[in-house]
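K.L.:
Start counting the sequence shown at 0; every next residue gets the next number (numbering that gives the first Met the number 0). Where is the CB? At the ideal position from N, CA and C, for every residue including glycine. Values in this document were obtained by computation on a predicted structure and should not be read as measured data. Mind looking over this structure? Questions follow.
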Amino acid sequence: MFRDHSKPPFRNREFVVYERCENMEDGTLVVAVVSLPNEIAAGLEPQQNDAIRGLLL
0 MFRDHSKPPF RNREFVVYER CENMEDGTLV VAVVSLPNEI AAGLEPQQND
50 AIRGLLL
């Protein structure tokens, strides 16, 4: 199935990790963590204008 010249499934990339914690009304702590390649994370950062772009995964 794999040959000597097969490519790795992913190239080496730098990742950005985002974390958000929020306490719910019943005291439950909800933690969301996502790790994105820099190319995708750059699209999540707000630009200098009022427009905000996002990505739903």
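1. Measuring only the C-alpha atoms, how far is VAL29 from ASN22?
2. In chain order, what residues of the same chain have a beta carbon less than 7 angstroms from the beta carbon of VAL15, not counting five sequence neighbours either side?
3. If you run the structure through DSSP and keep just helix, strand and coil, what is PHE1?
4. What does DSSP give as the partner residues of ASN22 in its beta bridges?
P.N.:
Let me spell this out:
1. The straight-line gap from Cα to Cα measures roughly 6 angstroms.
2. Closer than 7 angstroms at Cβ, skipping near neighbours: LEU35, ASN37, ALA40.
3. The predicted model places PHE1 with a pLDDT of 49, which falls under 50 and marks its position as unreliable; any figure quoted below should be read in that light. Correct three-state label for PHE1: coil.
4. In the DSSP output, where bridge partners are listed per residue, ASN22 has LEU28.
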